[in-house]
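S.K.: One structure coming up, written as structure tokens, with questions to follow.
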Amino acid sequence: GAGVSQSPSNKVTEKGKDVELRCDPISGHTALYWYRQRLGQGLEFLIYFQGNSAPDKSGLPSDRFSAERTGESVSTLTIQRTQQEDSAVYLCASSRPGQGVDSNQPQHFGDGTRLSIL
Amino acid sequence: AQTVTQSQPEMSVQEAETVTLSCTYDTSESNYYLFWYKQPPSRQMILVIRQEAYKQQNATENRFSVNFQKAAKSFSLKISDSQLGDTAMYFCAFMRNSGNTPLVFGKGTRLSVIA
Numbered sequence: 002g003a004g005v006s007q008s009p010s011n012k013v014t015e016k017g018k019d020v021e022l023r024c025d026p027i028s029g030h031t032a033l034y035w036y037r038q039r040l041g042q043g044l045e046f047l048i049y050f051q052g053n054s055a056p057d058k059s060g061l062p063s064d065r066f067s068a069e070r071t072g073e074s075v076s077t078l079t080i081q082r083t084q085q086e087d088s089a090v091y092l093c094a095s096s097r098p099g100q101g102v103d104s105n106q107p108q109h110f111g112d113g114t115r116l117s118i119l
Numbered sequence: 045a046q047t048v049t050q051s052q053p054e055m056s057v058q059e060a061e062t063v064t065l066s067c068t069y070d071t072s073e074s075n076y077y078l079f080w081y082k083q084p085p086s087r088q089m090i091l092v093i094r095q096e097a098y099k100q101q102n103a104t105e106n107r108f109s110v111n112f113q114k115a116a117k118s119f120s121l122k123i124s125d126s127q128l129g130d131t132a133m134y135f136c137a138f139m140r141n142s143g144n145t146p147l148v149f150g151k152g153t154r155l156s157v158i159a
């Protein structure tokens, strides 16, 4: 079946512009996660959704970052007034609902959006 | 807060040989999950192996196995019969056992398999 899809694959924009990144999770996956990966670094958690609510936004680095999700479907991550330090790969992941003792399900990742701020 | 440490930024191994990647973590939780993900140049994160902390038996997936030492908070990955396609970044990750929650990642180890 289809995996997690992210668009665009690459985005180059000027400092100060707003950008919107899109994530289509695997069908039936109720949880959706956004991570950021700076060059040569591990992944930093940004925000995650259970359905269309966001229980944990603690990773968002500033109020320029926001995200929303429609139902258990598409999510968009918006960065306003982009800065050069926002340059990174933004990865989205989704996971299906947990069941019983196996409440934690593996996360399946998309290919990411490489964002470059000039 | 949980932290994950990978102390080997880079490693190399000859094709067909065995290599072990180290990972330690810090948590006050008693039950949790640990993962190894592989990230080739294509950028996609691929799940390699998963370990539930309540299970004493080490997880294995074909050529990949882990050495999970809960008391020492250590979770190393062993790759046997290394193949050129194993060349990638490898990330160790931690997840709390409270439903689906975000992963906490280490900084990764770049593995190069040499022909």
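First to last, the protein sequences are chains S and E. Just so it is clear: in the first sequence, position 43 is 44 by our numbering, and no numbers are missing. Just so it is clear: in the second sequence, position 1 is 45 by our numbering, and no numbers are missing. Cβ atoms here follow ideal geometry from the backbone N, Cα and C, with glycine treated the same way.
Go ahead and label Arg82 (chain S) buried or exposed: buried means 16 or more other beta carbons lie within 10 angstroms of its beta carbon, across all protein chains shown.
M.R.: Within 10 angstroms of the beta-carbon of Arg82 (chain S) lie fewer than 16 other beta-carbons, which makes it exposed.
S.K.: Does the segment 141-151 of chain E come within contact of the segment 43-53 of chain S, defined as at least 3 CB pairs closer than 8 Å?
M.R.: yes
S.K.: Between E:Cys136, E:Ser74, E:Glu54, which lies nearest to Lys114 (chain E) when the distance is taken from Cα to Cα?
M.R.: E:Ser74
S.K.: With a Cβ-Cβ cutoff of 9 Å, do Tyr34 (chain S) and Gln106 (chain S) count as a contact?
M.R.: Inclusion of Tyr34 (chain S) and Gln106 (chain S) in the CB contact set at 9 Å is not warranted, their separation being larger than that value.
S.K.: Mark Gly111 (chain S) as exposed unless 16 or more other C-beta atoms lie within 10 angstroms of its C-beta, in which case mark it buried.
M.R.: buried
S.K.: Straight-line CA distance for Tyr77 (chain E) to Met133 (chain E)?
M.R.: 20 Å
S.K.: In chain order, which alpha helix (DSSP H) runs of at least 4 residues are fully inside the segment 16-75 of chain S?
M.R.: none
S.K.: What does Val90 (chain S) reach in chain E if we use C-beta pairs closer than 9 Å?
M.R.: Arg87
S.K.: Is any beta-carbon of chain S found at less than 9 Å from that of Val48 (chain E)?
M.R.: yes
S.K.: Provide the residue span of the beta strand (DSSP E) that contains Gln58 (chain E), from first to last.
M.R.: 54-58
S.K.: Does DSSP classify Glu73 (chain E) as helix, strand or coil?
M.R.: coil
S.K.: If Val157 (chain E) and Ser126 (chain E) are in contact, beta carbons under 8 Å, what's the gap, nearest whole angstrom?
M.R.: Contact flag correct, Cβ pair sits at about 5 Å.
S.K.: Which residues mark the beginning and the end of the beta strand (DSSP E) in which Ala89 (chain S) is found?
M.R.: 89-96
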